[in-house]
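J.: Mind looking over this structure? Questions follow.
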């Protein structure tokens with residue numbers, strides 16, 4: 004298992020390897036689960052209270068299904084660790100962060116300086132997500148309804 | 012037109028720096044070409060047959076004079092003196108050096124332009140009606156809605172690694188001038204019986220190797236839920252669109268395989284969920300954007316007549332100008348299809364001339380059309396002759412809008428690494444063959460693609476030509492009866508293909524048959540629809 008290179012949480016990392024979604028339903032004590040691109044993140048929603056770690060695998064960087072999986076979990080109120088694993092590239096980090104990932108375990112370690120620059124680069128965003136950052140339209144209309 | 016505030020400008024400036032850094036990491040070997048490719052593509056930079064090609068975004072096809080002037084300057088400074096206007100209402104430069112690409116983006120950023128998401132498996136530049144704001148039949152100007160989509164889709168964190176590219180178009184009149192139903196999502200802004208503005212969503216259209224006309228999945232999404240509905244439509248696609256085969260990865264295949272009803276059901280379920288997430292910009296943001304698209308200061312009481320005493324000018328007026336909603340004004344299309352020319356090409360100097368004309372005669376604004384021409388949307392009729400004289404002196408007065416010489420053609424094998432056959436020489440030969448007969452033939456939309464990806468929209472051509480590779484030689488398939496617009500239809504292949512000379516002859520046999528058999532004022536398409544394929548086929552193959 005690749006090492007976690009970046010983590011944006013203060014709690015103790017879960018050491019257990021994630022079980023598959025299929026196995027997870029049967030193992031009532033499992034606290035870590037691993038989502039493959041074809042898995043339906045919504046299958047986990049009934050169990051969010053006992054999940055401490057969800058690993059979302061990106062076997063190839065171009066397969067973007069994991070971004071939706073992450074947002075679905077966060078939008079449902081999941082607050083545990085959401086870890087991106089697999090072929091992660093520097094230029095994807097900011098998008099992943101916005102979708103709710105708070106830990107990153109790339110197959111190949113990334114240049115720390117490049118990664119930091121990527122996480123910090125965009126000071127503004129156009130879309131709201133669950134990451135709490137105010138979108139540009141909210142700043143433009145601060146004080147108005149929905150703004 | 013829309014103007015950036017400090018937020019929009021910061022996004023574009025940051026992108027220039029990000030891209031500079033990406034190029035540095037590539038040149039220093041931190042990332043492989045495979046890893047760099049999607050990054051450069053999301054900045055519109057392709058590696059073509061001979062050089063890099065840079066595609067610059069022209070959001071919904073609208074440009075200011077200063078932006079247009081910059082496009083001309085870039086053609087001279089970084090390219091070989093040409094720009095190529097595309098069917099996506101963008102502009103491409105075909106002779107770019109990788110080391111200079113970031114400098115071009117920096118130049119563009121000074122005039123609020125960029126190349127963001129002009130390629131890659133992400134939401135591309137949103138297109139619209141080239142007569143927006145001028146057309147008498149529109150219920151509202153569609154561009155504010157397109158601008159709202161531009162901002163929402165820019166650097167969308169969830170939808171930057173979609174199964175395949177994703178194209179959206181927005182119109183706001185029943186006459187579709189943007190081929191809306193041939194897009195991944197086509198939106199028609201509509202007004203309900205109660206007078207409320209909403210968005211009709213057409214999803215799953217497209218050209219390429221499996222052309223499909225988008226079905227309507229929701230006839231009226233309230234306008235203050237349009238972004239949320241778009242997000243739902245995209246999320247279902249991102250999760251379930253096919254990723255096993257790039258030729259089956261467009262949303263049209265998903266909609267087709269699930270069926271319209273099941274796809275719609277999934278979107279509606281996702282939509283119901285997303286409505287709880289408060290992701291929709293407030294109406295105040297739409298109102299802010301609308302402010303930029305208010306009517307320009309039209310003069311009232313100006314002459315509504317045009318002096319037609321110069322016959323060349325009168326011919327151009329009849330062919331290239333369309334009525335305007337404001338008395339005394341007219342919308343002008345500048346044809347970039349001179350006889351024997353490369354469709355959509357303009358020199359740096361011509362681009363600057365058009366920029367100057369926009370400043371003098373059209374409230375400093377231009378549009379790029381999906382037929383690869385340029386529109387000056389708001390010209391005073393009293394200024395029309397003076398405008399035409401400048402166009403005429405600069406090789407820009409070809410009077411052939413929507414006629415057989417007004418050909419859409421992709422770059423083809425002369426530039427494109429995907430192409431199977433050349434498109435440009437075929438366009439040039441057809442344009443030369445029919446020079447002088449265009450008036451007689453009348454409206455005839457001819458479209459040429461150099462491969463099955465259909466960038467030249469051949470499926471939607473009254474006459475369509477598709478270049479294929481047949482045992483190592485270029486071969487051209489002919490199709491008839493395609494059409495974009497309210498009566499969208501896909502062309503049917505006539506039969507066996509032709510070589511380079513043969514295809515031009517075949518087009519001539521088809522048009523000769525039309526002229527011999529047309530009734531009254533029928534267009535080529537009307538005669539074809541009345542008579543069907545069989546007699547045309549017989550005329551073509553004998």
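Chains as they are written, first to last, in the numbering used here: chain A, 4 to 150; chain B, 12 to 553. Where is the CB? At the ideal position from N, CA and C, for every residue including glycine. Note that the structure is predicted; figures quoted are calculated from it, not measured.
1. Does the segment 239 to 247 of chain B come within contact of the segment 272 to 283 of chain B, defined as at least 3 CB pairs closer than 8 Å?
2. Using a Cβ-Cβ cutoff of 7 Å, what residues of the segment 160 to 181 of chain B are near chain A? List them in chain order.
3. With burial defined as no fewer than 16 other Cβ atoms inside 10 Å of the residue's Cβ, what is the status of residue 311 of chain B: buried or exposed?
4. Out of curiosity, what's the CA-to-CA distance linking residue 21 of chain A and residue 256 of chain B?
5. Taking C-beta to C-beta, are residue 97 of chain B and residue 12 of chain B nearer than 8 Å?
6. With DSSP as the reference, please indicate the residues paired to residue 227 of chain B in a beta bridge.
7. On the three-pair Cβ rule with 8 Å, is the segment 24 to 42 of chain B touching the segment 188 to 201 of chain B?
8. Just the C-alpha distance for residue 425 of chain B and residue 381 of chain B, rounded to the nearest angstrom, thanks.
9. In the DSSP assignment, find the unbroken alpha helix (DSSP H) run with residue 28 of chain A in it and report its ends.
10. Note down the Cα distance separating residue 467 of chain B from residue 20 of chain B, rounded to an integer number of angstroms.
11. Check whether the segment 478 to 489 of chain B touches the segment 221 to 239 of chain B, taking contact to mean three or more Cβ pairs, one atom from each stretch, closer than 8 Å.
12. Any C-beta of chain B sitting closer than 8 Å to the C-beta of residue 67 of chain A?
13. Strictly under 8 Å for the Cβ-Cβ distance: is residue 125 of chain B near chain A by that measure?
14. Step through the CB atoms of chain B and report whether any lies within less than 8 Å of the CB of residue 11 of chain A.
15. Can you tell which of A/62, A/66, A/23, A/61 has its C-alpha closest to the C-alpha of residue 54 of chain A?
16. DSSP beta-bridge partners for residue 503 of chain B?
17. Taking the continuous beta strand (DSSP E) assigned at residue 57 of chain B, which residues delimit it?
18. Does the Cβ of residue 391 of chain B lie closer than 7 Å to at least one heavy atom of the ligand NAD?
19. Roughly how many angstroms separate the alpha carbons of residue 498 of chain B and residue 270 of chain B, rounded to a whole number?
20. Could you name the residues of the same chain whose beta carbon sits closer than 6 Å to that of residue 146 of chain A, not counting the 5 residues immediately before and after it, in chain order?
21. Taking C-beta pairs closer than 8 Å, name the residues in chain A that residue 50 of chain B reaches, listed in chain order.
22. Based on the DSSP secondary-structure assignment, which residues constitute the bridge partners of residue 11 of chain A?
23. Does DSSP put residue 389 of chain B in a helix, in a strand, or in coil?
24. Look at the alpha carbon of residue 470 of chain B and the alpha carbon of residue 296 of chain B, and state the distance between them as a whole number of angstroms.
25. Starting from the beta carbon of residue 89 of chain B, find every residue of chain A whose beta carbon is closer than 8 Å, and list them in chain order.
26. Please confirm if residue 70 of chain A has its CB atom under 8 Å from at least one CB of chain B.
27. Note down the Cα distance separating residue 252 of chain B from residue 278 of chain B, rounded to an integer number of angstroms.
28. Rounded to whole angstroms, what's the CA-CA distance from residue 356 of chain B to residue 91 of chain B? Just pull it up for me.
29. Excluding the 5 residues flanking residue 341 of chain B on each side, which residues of the same chain have their C-beta closer than 6 Å to its C-beta?
30. Leaving aside the five residues before and after residue 150 of chain A along the sequence, list all residues of the same chain whose C-beta is less than 6 Å from its C-beta, in chain order.
31. Grouping DSSP H, G and I as helix and E and B as strand, with all else coil, what is residue 140 of chain A?
32. If you compare alpha carbons, which of B/350, B/222, B/400, B/339 is closest to residue 368 of chain B?
33. What does the alpha-carbon distance come out to for the pair residue 444 of chain B and residue 515 of chain B?
34. Under a Cβ-count criterion, where at least 16 other Cβ atoms within 10 Å of its own Cβ denotes burial, should residue 61 of chain B be classed as buried or exposed?
35. Roughly how many angstroms lie between the CA atoms of residue 23 of chain B and residue 124 of chain B, to the nearest whole one?
36. Using 8 Å for Cβ pairs, my map puts residue 234 of chain B next to residue 209 of chain B. What's the rounded Cβ distance?
T.: The short version:
1. yes
2. 162, 163, 165, 166, 167, 168, 169, 171, 172, 173
3. exposed
4. 29 Å
5. no
6. B/213
7. no
8. 21 Å
9. 24 to 29
10. 33 Å
11. no
12. yes
13. no
14. no
15. A/23
16. B/491
17. 56 to 58
18. In terms of ligand content, the structure shown is empty, and the ligand NAD therefore cannot be addressed.
19. 22 Å
20. none
21. 94
22. Looking at the DSSP assignment, residue 11 of chain A forms no beta bridge with any residue, so it has no partner.
23. strand
24. 38 Å
25. Correct list: empty, because the minimum Cβ distance to chain A is about 24 Å.
26. yes
27. 13 Å
28. 12 Å
29. 332, 335, 390, 392
30. Any reading at residue 150 of chain A must be qualified, since the residue scores a pLDDT of 42, below 50, and its modelled position is unreliable; the value itself is stated next. Around residue 150 of chain A: 141, 144.
31. helix
32. B/400
33. 8 Å
34. exposed
35. 8 Å
36. 6 Å
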